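For what it's worth, the working numbering labels the leading residue of the sequence shown as 16, then goes sequentially.
Idealized CB from N, CA, C, for every residue including glycine.
None of the values given here were measured: they were computed from a predicted structure.
Since the structure comes first, as structure tokens, the remarks are kept for the end.
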Amino acid sequence: MAQAQYPMPAALKKEARLDAAKYQDMYTKSINDPEAFWAEHGKRISWFTPYTKVKNTHFGKDDVTIEWFRDGTLNACYNCVDRHLPERADKTAIVWEGDDVDEQKHITFRELHEQVAKLANGLKKLGVKKGDRVAIYMPMVPEAAFAMLACARIGAVHSVIFAGFSPHAIADRVNDCEAKVIITANEGRRGSKGVALKANVDKAVADNACPSVTNVLVFKHTDTDVAWNQGLDVWWHELLGDCDSDCPAEVMQAEDPLFILYTSGSTGKPKGVQHTTGGYMVYASMTHEYVFDLREDDVYWCAADVGWITGHSYIVYGPLANGTTTLMFEGVPTYPDETRIAKIVDKHQVTILYTAPTAIRALMAKGDAAARGTKRDSLRILGSVGEPINPEAWDWYFNRIGNGNCPIMDTFWQTETGGIMITPLPAVKDMKPGSAMTPFFGVKPGLVDNEGKALQGAAEGNLVIADSWPGQSRTLWGDHERFIQTYFSTYPGYYFTGDGAKVDADGDYTITGRVDDVLNVSGHRLGTAEIESALVAHEAVAEAAVVGFPHDIKGQGIYVYVTVVEGTEASDDLRKELIKWVRTDLSPIATPDFIQFAPGLPKTRSGKIMRRILRKIAANEFESLGDTSTLADPSVVDSLIDNRLNK
Ligand code: PRX
């Protein structure tokens, strides 16, 4: 059956910067002659020294080189702040909407410049130098953006740690990149509750567990008192009290690292995905402009968190490089009630709303209530990111939030890609709900089968990218081998996304989800290995296997199989304790939905757990288990099915 298609709204077609012909023309140029294409579009940002070299990239099985604009120099903070001062000094750079409905702030580019420069000088006072790493563990307040930009200004490499992570996870990330300073707040606020950020940092650094850290810089966001480590902790307001607002932006090479962002893979510890300055800024700003058909007077709201790549590229760097008014929201979509998102749209006259399917599904579950008493007529374009959007949620978003006249940009990309890769573009093609559709300029996607053979025409397979684009991650912090191994060795000659996709007869892409052991829970990327290692650290657990299962709101839920150590009772109390354990050891976002006690796990004779079977059982698909004859003990499967929770 042909997929339903929604036309691009006529009003948008009249004004949009692209149409089908322009897209095709630019796309063809970007693929046929990437050097010339990016030589031209690289100029969209400000360079201290212009580049003469554009692209030097090679995807080898054992050697990978990715360099863009190699000999250019620039500063990311300068691009987001200083260069707007001549024409946009009094324009609002950041609108902040607090957790509390009555709290808001407007920060102009002039004020942004002052705050960021002061903080940059403050960091220098703490001894932070070009190339040093700074961890940022902040709530969704403008100061989180100031912190990122201040690091960029002095050439320090930031590593933002999502504020939902627990002390153990903070310490892992801080130690991997040997951060010198941790920037945090006394407390965050979410849905009227306090989030004990400073206390989590205290636990992370206790007993010299993070030896590289010389200071913890604390922004006072609420009135809540916190414990104080003399000699280590520094109040933000005290440090900045006598800091100058004159701080020249450091001259950086295009390939100097801008930030590290830890993300989950199928195995082992989180990976420090490293992005560099030049290519990333070009790509983040260009995708932001074209995908959202940006206009000077837009009020743009990306409802993600700065702790994830979406917050980096599309709350901070992309929008601010484009001189856009970007809205930051501290709270949650359902507080004080389900109308919050729609009310923020009306209150700030938001024109572009970019959010995640999980938020849309949570609101959709309340029926029409989420739009109650609101107009949302300021909206022009909607965006979706982070996970597949099911056609029902797409339809609800389009009609209930967008009043049926705002196209939805279903943007597929990843922490590693730095910016949007596959997406509908305003006025280019009619939309197909649930389909990310077309590649962005310079992106050469393809499908391969499990043997790496390229698939042509309408097909389903593994999603790969055949050539580099400027926003691509260059390496993993301190581990280029793992970078090559993870992304370039599975299908030689290609960057492998880890996702599956379908291509239809029109050549449009639909992402079907991860084909590896990475979970996507409420748009949060989690590695099964990380959750398993948290579980086996508990004394009652002998072995644990974690798989995802389809979940109506979260997209995927977390299903855990646990074998307890001999002599331990597999009780309900233990189940509760293990759930709490994962929350505190890793993060509340990793909370298991189900824990099934299993005397044995299905393993091959070589001892490898067959997750395929565990996934099927978790999804209640007992008939399609596939071949179980290679299992060391096939009877394990019957016992797992018999004990399937809520079968
Ligand atoms: O599985 C894909 C899914 O999110 C993964 C990347 O997660 P992360 O690095 O945390 O970045 C999320 C924000 C860019 C991908 O491998 N994903 C992301 N966007 C989409 C998506 N799946 C389907 N449709 C999308 N639009």
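- As computed with DSSP, residue 341 is found in a beta bridge with 109, 315.
- Two segments are said to touch when three or more pairs of C-beta atoms, one from each, lie closer than 8 Å; by this definition the stretch 527-541 does not touch the stretch 487-494.
- In terms of Cα proximity to residue 413, the closest of 427, 400, 396, 428 is 396.
- Residue 506 sits in coil when the DSSP states are folded into three classes, being neither helix nor strand.
- Boundaries of the alpha helix (DSSP H) harbouring residue 134: 124-140, taken from the DSSP string.
- By the 16-neighbour rule on beta-carbons within 10 angstroms, residue 639 is exposed.
- Shown here for residue 598: same chain residues with a beta carbon closer than 6 Å to its own, the five before and five after excluded, namely 606 in chain order.
- DSSP, read as helix, strand or coil, puts residue 325 in helix.
- Assignment of residue 484 by DSSP, reduced to helix, strand and coil, places it in the coil class.
- Taking every protein chain shown into account, the CB of residue 80 has fewer than 16 other CB atoms within 10 angstroms, so this residue is exposed.
- Annotation: the continuous beta strand (DSSP E) that includes residue 399 extends over 396-400.
- No Cβ-Cβ contact shorter than 8 Å links residue 200 with residue 273.
- DSSP places residue 94 in the uninterrupted alpha helix (DSSP H) bounded by 91-95.
- Remark: fewer than three beta-carbon pairs, one from each stretch, lie closer than 8 Å, so the stretch 107-126 and the stretch 134-143 are not flagged as touching.
- Proximity to residue 518 across 501, 559, 469, 565 peaks at 469, based on C-alpha coordinates.
- Following the DSSP letters along the chain, one finds residue 547 inside the alpha helix (DSSP H) bounded by residues 543-551.
- Excluding five sequence positions before and after residue 317, the CB atoms of its chain that fall closer than 6 Å to its own CB belong to 329, 330, 369, given in chain order.
- The closest heavy atom of the ligand PRX lies 7 Å or more from the beta carbon of residue 420.
- Separation of residue 203 and residue 25 (C-alpha to C-alpha, rounded to the nearest whole angstrom) is 43 Å.
- With a cutoff of 8 Å on beta-carbon distance, residue 378 and residue 353 are scored as near each other.
- Counting along the chain, the unbroken alpha helix (DSSP H) around residue 189 starts and ends at 182-192.
- Annotation: the continuous alpha helix (DSSP H) that includes residue 596 extends over 587-600.
- Looking at the DSSP output, residue 565 sits in a beta bridge with 571.
- Contact check for residue 92 against residue 116 fails: the beta carbons are separated by 8 Å or more.
- The beta-carbon distance between residue 84 and residue 66, rounded to whole angstroms, is 4 Å. This is short enough to meet the 8 Å contact definition.
- The C-beta distance from residue 394 to residue 360 rounds to 6 Å, short enough to meet the 8 Å contact threshold.
- Every beta strand (DSSP E) of 3 residues or more that sits fully in the stretch 208-233 is shown, in chain order, as 208-210.
- Taking every protein chain shown into account, the CB of residue 56 has 16 or more other CB atoms within 10 angstroms, so this residue is buried.
- Taking a C-beta distance under 8 Å as the contact criterion, residue 480 and residue 509 qualify as a contact pair.
- The closest heavy atom of the ligand PRX lies less than 7 Å from the beta carbon of residue 403.
- Pairing residue 406 with residue 23 gives a Cβ-Cβ distance that is not under 8 Å.
- Bounds of any alpha helix (DSSP H) do not take in residue 99, whose DSSP letter is neither H nor E.
- In this structure, the straight-line span from the alpha carbon of residue 373 to that of residue 539 is close to 10 Å.
- Under the Cβ criterion (8 Å, minimum of three pairs), the stretch 203-216 counts as touching the stretch 234-243.
- Non-local beta-carbon contacts of residue 283 in its own chain, meaning distances under 7 Å to residues more than five positions away in sequence, involve 544 in chain order.
- By the Cβ neighbour-count rule, residue 580 is exposed, with fewer than 16 other Cβ atoms within 10 Å of its own.
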